[in-house]
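For what it's worth, this note's numbering labels the leading residue of the sequence shown as 35, then goes sequentially.
No residue lacks a Cβ here, since even glycine has one placed at the ideal position from N, Cα and C.
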Amino acid sequence: MECSYCGQEVFPTVHRRDGNPPYRVGYYRLLTGKLIPVTMQNPRNVSETIEFFKLVEPRWVIACVNCFERTEVREELEKLFSGVPEVKKSPEAE
Ligand SMILES: [Zn+2]
């Protein structure tokens with residue numbers, strides 16, 4: 035696997051029983067993609083509709099430890115992580 039930002043190869047997090055710190059993070063990984071809103075009939079209650087977002091074109095974004103320290107990388111990851119649009123609440127849900 036490679037860092038999505040610098041292309042450097044990344045390795046899994048290493049845990050050591052007596053290390054200080056007891057682990058060394060290898061990389062950070064985030065699943066993201068395009069979200070499309072879906073409205074469908076609730077299969078458990080046909081008089082109800084349910085709304086959700088479906089992930090299409092999923093992709094992993096991988097950041098090595100060095101890139102994760104960069105402000106612009108953190109900002110982009112935060113934006114990708116919290117990029118789920120707000121869902122309108124139905125009156126029954128309140
Ligand atoms: Zn990197």
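In chain order, 69 and 87 place their CB closer than 8 Å to the CB of residue 118, counting only its own chain and leaving out the 5 sequence neighbours on each side. Nearest in C-alpha terms to residue 41, of all of 63, 98 and 66, is 98.
Annotated three-state conformation of residue 80 is strand, per DSSP. In the DSSP assignment, residue 109 falls within the unbroken alpha helix (DSSP H) covering 105-115.
Under the three-state reduction of DSSP output, residue 101 falls in the helix class. Relative to the non-hydrogen atoms of ligand 1, the Cβ of residue 54 never comes closer than 7 Å to any of them. Sorting 59, 106, 51 and 39 by C-alpha distance to the C-alpha of residue 45 places 59 at the top.
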